[in-house]
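A.B. asks:
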Amino acid sequence: MAHFIEQIIYGLTVGSVYALIALGYTMVYGVMKLINFAHGELFTLGAFIGFVFLGTLSWGSYFGPALAIGLTAILVAGSTALAGHFLERVAYRPLRHSDRLAAVVSALGASIFLQNVIMVVWGAQYRAFNASLLPTVVWRIFGQSVSLVRLFVFLTAVIIMLSLYLFINRTRLGLAIRAAAIDQGAARLMGVDVSRVIALVFVIGPALGGLAGLLVGIYYGQINFNMGQMYGLKAFTAAVIGGIGNIPGAMLGGLLLGLLETLADAYVSGAWKDALAFVALISILIFRPTGILPERVAEKL
Amino acid sequence: MRAFFFFLSLLTMVASLAVFAPGPAQAADPIRIGLMAPTTGPWANEGQDMVKVVEILVNKVNSSGGINGSMIALEIGDDGGTPKTATLAAQRLVTRGVVAVVGTYGSAVTEASQDIYDEAGVVQIATGSTSIRLSEKGLKLFFRTCPRDDEQGRVLAQKVKELGFKKPAIIHDNTSYAKGLAEEVQAMFSSLGLVVAYFDTITPGERDFAVALSKIKAQNPDIIVFTGYYPEASTLLRQKREMGWDVAIIGGDATNNRALVELAGPAAAAGYYFVSPPGPGDMKSPVAKEFFKVYLEKHKQLPSSVWSVLAGDAFNVIVEAIAKVGPDSTKIANYLHHGLEDYQGLSGTISFNEKGDRIGEVYRLYRVDEKGDFILRD
Amino acid sequence: MIWGNKSGVQSRSIVQVLSALGVGLFLALPALLAAGGLRGAPYILDLLSMVGLYALLSLSLNVILGLAGMFHMGHAAFFAVGAYATANLNLTYGWPILATLPVAALMAGTLAFIVALPVIHLRGDYLLIVTIGIVEIVKIALTNDIFGLTGGPNGLIGIARPVVFGHRISQPRDFFYLIWIMVGITMILFHWLENSRFGRALKYIKEDTVAAEGMGVNTTAHKLMAFVIGAAWAGMAGTIFASKMRTISPDSFTFGESVIMFTIVILGGSGHQKGVLLGAFLVMGLPELFRDFQDMRLLAYGAALVAMMIFRPQGLWPPTPTQYRLPDPYATKYPRGDKPC
C-alpha cells in the first residue's frame, strides 16, 4: 500500500507538468482549431530563459531562492508569451483562413526552426540548473518520503491551473475566450474581438508552457534543446485524453496520463509503459470519441 | 505546360546538387579527409565537439606545412544521428573525394555508412561506435579508436566484484549501446557468480525515474549498474539522493562527462563509480597537454567527453599513415593494420589488430569525490 | 467550367510531349551523370533514390490523407511492419527480397485493418493522435524485441539485396531505377484508383462525409479500404528500404518519419500526385541543399517550411478541381427515346 501511495505521488508530479503544457495546446485548439506543434519548443524556451537567470546569472545567490524564482517566473512567462505572440503573427495568422492542415505543417516547420534556434543559441549540450537552489528537505507523509521540491512543483502547477480556471470562468475576457471557442462567427456578432482573443490565447498558452519548462528545470535540474519533443507529445496526448479544447479536461488529462504512466511503470514494465499509455489513450477514444470532457461542438450537417 | 515546368524545376534541383559536388580531384588539390559527425539531432553536443577537436588538429597540420607539402581539406558531413541521414552524408563525403573518414558516434549510424565507404574504397575510423559486430564483418578498411562493448562489460563486471558488491541491479535505457552493454555485464556477472537482483529499462529523455528507483529499492540490491548515458545517470543520482537511499551506482563510459556532476550536483554525484577510457582531464601525455592548451584557449572549456578526443586520434593516425605511405586508402589501411605501432595519440598509445579494433586495455575505474572531481582509482 | 471542354487538343498534346520529354530526361539521368564524369553521381542518385522512396511512401499516404481526408500521422508504423516482415523472411527463411513484397504488403495491410477498425470513425484531430499513438506503440514494440522478431534496439542486419532477372541490385544507379519504376507504376495505379468509382467516393467523403453517407456511400468501409491500401503500399516501400539499407533498426521508424511523410503530402498539394512528388523533392532535398549551413541546417529547413506554407497555403501544387464531361443525359439514360412523361 505504501508503495502504491508513493507511485501516486510520483504520478501526480509528472502529471501536473503535463497538465500545464497541455493547457497551452488545448486553449489554442479551442479557439483556433489548430494543433500548435511548436508548443513543446516554447516549453523548452521557457526552461532556457529560466536557465539564463537562475543558472548563468545565478540570481539565487543574490536574491535568495524565493525572490529569485519569483522574478524569473515573471520574466519567463513574459518572454515565452512574447515568443508565442510572434509565432502566431509570423507562422499562423497568414494561414488563419486556409486549410487547417496548412497551419499544422507550418507549426511543424516552426517547431523545427525554434528547436534549432535554441540549439544554436545555447549549444547542444545538457545544461544544469543550480542544483542547490531549493533546499533538499524530505518529509515523511503516510510513511513515504516526499521532497519539498516535488511538492513545490505540484502545488505551483495546481495554483497556476486554478487561477487560469478562475480567469476563464469569472472574467469578461475569459467569457470572450469561451465564446470564441464555441463559435467564432457568433462571438464576433456578439461584439467579441476574435483577433484579440486569439492573440490572448497565444500569450497565455505559451506563458504556461514556459512556466512548466521553468518548473522542470528547477526540479529535475537538467535541460537540453530537444526536451520539448517528448514533453510536447505527452502533453498533447493528455489534452486529447481530456477532450481537446476543454480547459478542465486538459488538467484532468495531464494528471491522468501522469498516473497511468507511473502505475504502468511500477506494476507492469518500464520498457512498455509509454506503449501502455498510448493503448490507454486509444481505448479511451474508442469509448469516448472526443475525450473524457469533450468540447461542445455539434457534428456539421 | 505545368508538367514541363515541374520536370524542369526537378532537373534544376538535380543540377544544383551536381554543382555542389566537385569535379575529379587533381594533383594540386589538397588531400581531402572527411569527418562524419552528428552536428544536429539528439547527439549534436558530441558531434559539435568532434568538429571542434578535429578542426584544431587540421589547422595544426596545415600551419606546419601540411603532409609532405600537401594541405588537408576537412569535409564535414552531418549524419544527424540517424542511419538514413548517415547514408546520404557518407555518399556525399565519398563524392567529395575523401580518402579517409573520421566517424561517427552512434553504432547504428556507423553501421549504415560502413558499406558505402567500403564499396567506395574509403578508410573509415569510427570514434564512438562500440557495438561489437561493427568490426566482425571482415571489412578491410574499417577501424575504430574506441574500445568494444564486450571489453567494457568484462571490466565493469570485474570491478563490481573487486569492490566487494554481492547483489547488483542492472538498468539500461533500451538504446542499442546501453542494452548491449547491459546484457554483456549480465552475462559476466553470472560467470563471476554474482546474482542479478533486477534487470529492466528506463526511457531516455525522461526526467523522472523515481518509479524505477522505487522498484529497484524493493529488490534491495547493494549496487546499481546503469549502462546508459550521463543525463539519465545524473537524474538517477539526484533522485536516489532525494529518496534518501544510500546505494552505490556504477556506470559505463557514456557517463564519463563532466556535465554529470553539474547536472546531478556534487552532493548527489559523490561516490558514483564508472569505468571509462581516461577522460580529457586525465590525458597527461605531452601531446595531449599541448593540444588541450590550444583547445582551452579557443573554446574556453575542455571537450565534455572522451569520444570527441577519440575523433582527434582517428584523425591523427590518418595523417600519420598518409605521411608514411601517401594518400591511398589501401596503403593507409595496410599501414594501420601492420605498420602503426604504439602511436602516441591524445588518448594514449594506439595500434590496431587485424579486425581494425584498437589494441590495449583502456578501461579505468573512476570514482566521483565529494568535490565532484573524477578520481582515477587504478 | 464543369461542363466545358478543355481548351483544344493542340495544347494538350504539347503538354504530353513535353512531360514525356521530362520523364525521359529524368530516367536518362544516371547515364548523363556518368557521361559527364561527375564524381557526385552516386550521391545524387542515392539522394534521388531516397526522394523516390519517400515519394512512394507519400503517394500511399496521399490515398489516406489527400483523397479520403483522414488525418493520419503514423504512416511510419506500416513502413516499419513491411521492412521487418521482409527482413525476417529474408534472414530466417532465405526468401528473395522481391518475393517478400506481397507479404510485406499483406502484413502492413492487416495491421492497418486491425488497428483502424475501432478508430476509423474518430473525427479529424482525434484520429491524428490515435495514429501518432500507433506509430509510438509500434516503435516501442520494435525496441522491445516483440515476439523475438525485431532484434530489439539493435535491429536486424545483413538483409540481402534484391535480384531482378538475375541482376543483383546494389549500386545507387540500380536502386534509382528500381525505386523510380515503382514510383511510376504506383502513380499510374493510384491515378486509376483516384478516378475510379471508389476514388470518387473517397473524394466525396473528404468534402462532406454526411452528404456522402446520405447518398448511400458506405463511408466506414471506404475509409477502411483506403487506409488498408495506403498501409499495404507503405509496407512495400518498407521492403525496398530494408534491402537498400541492409540494416534496419527502430531509429528509422519514428514519429518524426511520419511527420516527414505528412509534411510532403500537405506541402506538395494534398490529393495531387504530382504535387506530392514535388513535395518529396523539396522535403528530402532541402536539408541536403542546406548542408553548407552546418548546424544551422535544420534551422533554415524549418524556416523554409513555414515560408512555403504561408506562400502557398493550399500546397505548392494543389489538384485542379475534377472536371467531369457528362454525355447528353437523354442520349444515354434513355437510349431508345422513350422519355418519361
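Chains as they are written, first to last, in the numbering used here: chain A, 30 to 330; chain B, -18 to 359; chain C, 26 to 366.
Every residue gets a Cβ at the ideal spot worked out from N, C-alpha and C, and that includes glycine.
These figures come from a predicted structure and were not determined experimentally.
#1: List the residues that DSSP assigns as beta-bridge partners of Asn238(B).
#2: Could you pull out every residue in the same chain whose Cβ sits closer than 8 angstroms to the Cβ of Asp323(B), ignoring the five residues on either side in sequence?
#3: Is the CB of Leu218(B) under 8 angstroms away from at least one CB in chain A?
#4: Of all the CB atoms in chain C, is at least one closer than 8 angstroms to the CB of Val134(A)?
#5: Roughly how many angstroms lie between the CA atoms of Gly278(A) and Met56(A), to the nearest whole one?
#6: If you scan the segment 206 to 271 of chain C from start to end, which runs of the alpha helix (DSSP H) of 4 or more residues do you find wholly inside it?
#7: Assuming Phe252(C) contacts Ile157(C) (C-beta within less than 8 angstroms), just tell me the rounded distance between them.
#8: Apart from the five residues on each side of it in sequence, which residues of its chain come closer than 6 angstroms, Cβ to Cβ, to Tyr248(A)?
#9: Which ranges does the beta strand (DSSP E) cover as unbroken runs of at least 3 residues, wholly within the segment 115 to 144 of chain C, from first to last along the chain?
#10: Flag this pair as touching only if the segment 184 to 204 of chain A and the segment 107 to 121 of chain A have three or more C-beta atom pairs under 8 angstroms; answer yes or no.
#11: DSSP puts Gly58(B) in a beta bridge; with which residues?
#12: Is it the case that the Cβ atoms of Tyr316(B) and Val256(B) are separated by a distance below 8 angstroms?
#13: May I have the straight-line CA-CA distance separating Leu310(A) from Val32(B), to the nearest angstrom?
#14: Between which two residues does the alpha helix (DSSP H) carrying Phe92(A) extend?
#15: Does the CB of Leu147(C) have a neighbour CB from chain A at under 8 angstroms?
#16: Answer with yes or no whether the minimum CB distance from Glu161(C) to chain A is below 8 angstroms.
#17: Since Val134(A) contacts Leu72(C) with CB under 8 angstroms, what's their CB separation in whole angstroms?
#18: List, from N- to C-terminal side, the alpha helix (DSSP H) runs of 4 residues or more that fit wholly inside the segment 114 to 146 of chain B.
#19: Buried or exposed: where does Pro178(C) fall if 16 or more other Cβ atoms within 10 Å of its Cβ makes it buried?
#20: Name the chain A residues that come within less than 7 angstroms of Ser295(C), Cβ to Cβ?
#21: His153(B) lies in the alpha helix (DSSP H); which residues open and close that run?
#22: Please check the pair Met280(A) and Ala48(A), which I expect to be a contact at CB under 8 angstroms, by giving their CB distance rounded to whole angstroms.
#23: Locate the beta strand (DSSP E) running through Leu346(B), then write down its first and last residues.
#24: Going by the CB atoms, is the gap between Lys142(B) and Asp203(B) shorter than 8 angstroms?
#25: Considering only C-alpha positions, which residue in the set Lys41(B), Phe124(B), Ser285(B) and Gln220(B) is nearest to Glu187(B)?
#26: Within the same chain, show all residues whose beta-carbon is closer than 6 angstroms to that of Glu290(A), passing over the 5 residues directly before and after it, in chain order.
#27: How long is the line joining the alpha carbons of Ala367(C) and Gly99(C), rounded to whole angstroms?
#28: Kindly say whether Thr345(C), judged by its beta-carbon, lies nearer than 8 angstroms to any beta-carbon of chain A.
#29: Go ahead and pull the three-state DSSP assignment for Arg193(C).
#30: Give the range of the alpha helix (DSSP H) segment to which Tyr314(B) is assigned.
#31: If you follow the alpha helix (DSSP H) that Gly261(A) is in, where does it begin and where does it stop?
#32: I'd like the span of the beta strand (DSSP E) that includes Ala93(C), first residue to last.
#33: Give me the residue from Gly84(B), Ile12(B) and Arg73(B) with the minimum Cα distance to Thr108(B).
#34: Since Asp189(B) meets chain A, which of its residues come closer than 8 angstroms, beta carbon to beta carbon?
#35: Taking only the alpha-carbon atoms, compute the straight-line gap between Thr272(C) and Phe278(C) and give it to the nearest angstrom.
#36: Quick one: list the residues of chain C neighbouring Lys33(B), beta-carbon separation under 7 angstroms, in chain order.
C.D. replies: In brief:
#1: In the second sequence, residue 238(B) corresponds to position 257, counting from 1. DSSP, once it has assigned bridges, lists Ser286(B) as partnering Asn238(B).
#2: In the second sequence, residue 323(B) corresponds to position 342, counting from 1. Closer than 8 angstroms at Cβ, skipping near neighbours: Thr330, Ile331 and Ser332.
#3: Counted from its first residue, the second sequence places residue 218(B) at position 237. So, not an interface residue.
#4: In the first sequence, the residue the question calls residue 134(A) occupies position 105. Cβ-Cβ to chain C under 8 angstroms: yes for Val134(A).
#5: Translated into positions along the first sequence, residue 278(A) becomes position 249. Translated into positions along the first sequence, residue 56(A) becomes position 27. Here the C-alpha atom of Gly278(A) lies approximately 11 angstroms from the C-alpha atom of Met56(A).
#6: With a minimum length of 4 residues, the continuous alpha helix (DSSP H) runs that stay inside the segment 206 to 271 of chain C are 222 to 232, 234 to 239 and 244 to 270.
#7: By 1-based counting over the third sequence, the position of residue 252(C) is 227. By 1-based counting over the third sequence, the position of residue 157(C) is 132. Actually they are not in contact, since the Cβ atoms of Phe252(C) and Ile157(C) sit about 15 angstroms apart, beyond 8 angstroms.
#8: Here residue 248(A) is taken as the residue at index 219 of the first sequence, counted from 1. Listed in chain order, the non-local C-beta contacts of Tyr248(A) below 6 angstroms within the same chain comprise Val178 and Val182, local neighbours out to five positions each way being set aside.
#9: Listed in chain order, nothing qualifies, since the segment 115 to 144 of chain C has no complete beta strand (DSSP E) run of 3 or more residues.
#10: no
#11: Taking the second sequence and counting its residues from 1, the one referred to as residue 58(B) is at position 77. Gly58(B) is bridged to Met17(B).
#12: Counted from its first residue, the second sequence places residue 316(B) at position 335. Counted from its first residue, the second sequence places residue 256(B) at position 275. Not closer than 8 angstroms, so no.
#13: Taking the first sequence and counting its residues from 1, one reaches residue 310(A) at position 281. Taking the second sequence and counting its residues from 1, one reaches residue 32(B) at position 51. For Leu310(A) and Val32(B), the distance between alpha carbons rounds to 43 angstroms.
#14: On the first sequence, position 63 is the one that residue 92(A) refers to. Unbroken alpha helix (DSSP H) run through Phe92(A): Gly89 to Phe92.
#15: Counting from one through the third sequence, the residue named residue 147(C) turns up at place 122. Leu147(C) counts as touching chain A.
#16: Taking the first residue of the third sequence as 1, we reach residue 161(C) at position 136. Between Glu161(C) and chain A, the shortest Cβ-Cβ separation is below 8 angstroms.
#17: As a first step, residue 134(A) must be located in the first sequence, where it is residue number 105. As a first step, residue 72(C) must be located in the third sequence, where it is residue number 47. About 22 angstroms; that fails the 8 angstroms criterion.
#18: 130 to 143
#19: Position 153 of the third sequence holds residue 178(C). With 16 or more Cβ atoms within 10 Å of its Cβ, Pro178(C) is classed as buried.
#20: By 1-based counting over the third sequence, the position of residue 295(C) is 270. The contacting residues are Leu130.
#21: Residue 153(B) sits at position 172 when you count from the first residue of the second sequence. Unbroken run through His153(B) is the beta strand (DSSP E), Pro149 to His153; no alpha helix (DSSP H).
#22: As a position in the first sequence, residue 280(A) is number 251, starting the count at 1. As a position in the first sequence, residue 48(A) is number 19, starting the count at 1. Contact holds; Cβ gap of about 5 angstroms.
#23: Within the second sequence, the letter at position 365 stands for residue 346(B). Where Leu346(B) is concerned, the enclosing beta strand (DSSP E) stretches over Arg345 to Val349.
#24: Counted from its first residue, the second sequence places residue 203(B) at position 222. Counted from its first residue, the second sequence places residue 142(B) at position 161. For Asp203(B) and Lys142(B), no; Cβs fall outside 8 angstroms.
#25: Indexing the second sequence from 1 puts residue 187(B) at position 206. Minimum Cα distance to Glu187(B) is reached at Gln220(B).
#26: Position 261 of the first sequence holds residue 290(A). Lys302 and Ala306, listed in sequence order.
#27: Because residue 367(C) is not part of the residues shown, which for chain C are 26 to 366, the question remains open.
#28: To locate residue 345(C), count along the third sequence from 1; it is residue 320. False, the Cβ-Cβ gap to chain A never drops below 8 angstroms.
#29: Position 168 of the third sequence, counted from the first residue, corresponds to residue 193(C). If DSSP states are grouped into helix, strand and coil, Arg193(C) belongs with the strands.
#30: For the purposes of this step, residue 314(B) is identified with residue 333 of the second sequence, where counting begins at 1. According to the sequence displayed, residue 314(B) carries Ala and not Tyr. Where Ala314(B) is concerned, the enclosing alpha helix (DSSP H) stretches over Ser310 to Asn315.
#31: Translated into positions along the first sequence, residue 261(A) becomes position 232. Run containing Gly261(A): Met256 to Gly271, per the alpha helix (DSSP H) assignment.
#32: Counting from 1 along the third sequence, the entry for residue 93(C) is found at position 68. Taken as a continuous stretch (DSSP letters only), Ala93(C) belongs to no beta strand (DSSP E), as it is neither H nor E.
#33: Along the second sequence, one-based indexing puts residue 108(B) at 127. Answer by Cα proximity: Gly84(B).
#34: Reading the second sequence from its first residue, position 208 is the one you call residue 189(B). Within chain A, the residues near Asp189(B) are Tyr39, Thr42, Val43 and Tyr249.
#35: Taking the first residue of the third sequence as 1, we reach residue 272(C) at position 247. Taking the first residue of the third sequence as 1, we reach residue 278(C) at position 253. C-alpha of Thr272(C) to C-alpha of Phe278(C): approximately 13 angstroms in a straight line.
#36: Looking up residue 33(B) in the second sequence gives position 52. Simply none; closest approach about 12 angstroms.
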